[in-house]
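Residue numbers (the numbering used here): -9 to 157.
Read through the structure below, which is laid out as structure tokens, and then see the notes.
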């Protein structure tokens, strides 16, 4: 599948919202209630929020196939030498074709240019897509974090770190 990795613009809003909402739901399916899932998706992936996050640079790259959004990456610098992957989702029908790798590489290159020598990511515990993906790219498990949701549920994430080299 031919994809183009690009910087997102406002006309990608609906595609970003759709890919992220579906991807996030898949990572928490069976772990968090449907009520919390709906609340979280409405908060993070409503079109106004996504549009604002595009303008703010929180979504750094999109993968486009025939001008349709099939993948999304977002991240930023959380310290002078520290980059973080905030979000990385690929449409379910397009997985295992190198799109996630391309998105991560684009984000990583950008963070290295900004001075990052390390990169962090949080992955939902038991995420059968995310954990193997990041571990295969040199991320090493550091710690488990448990947070309580607004609905009183426990959300468990795994924090991973990898050292970056200049490219």
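Glycine is no exception: its CB is placed at the ideal position from the N, C-alpha and C atoms.
The structure presented is a predicted model; accordingly, all values stated were derived computationally and were not measured.
Query, Result
"Residue 99, buried or exposed, once every other Cβ within 10 Å from all chains shown has been counted against 16", "exposed"
"Coil, strand or helix - residue 35 by DSSP", "helix"
"Those residues which DSSP pairs with residue 151 across a bridge", "110, 130"
"Segment contact, 8 Å Cβ cut-off, at least three pairs: the region 106 to 117 with the region 43 to 55", "no"
"Within 7 Å, strictly: CB atoms of residue 26 and residue 139", "yes"
"The region 5 to 24 contacting the region 66 to 74, beta-carbon criterion three pairs below 8 Å", "no"
"Backbone secondary structure at residue 141 - three-state DSSP", "coil"
"Straight-line gap, residue 55 to residue 61 (C-alpha atoms, nearest Å)", "9 Å"
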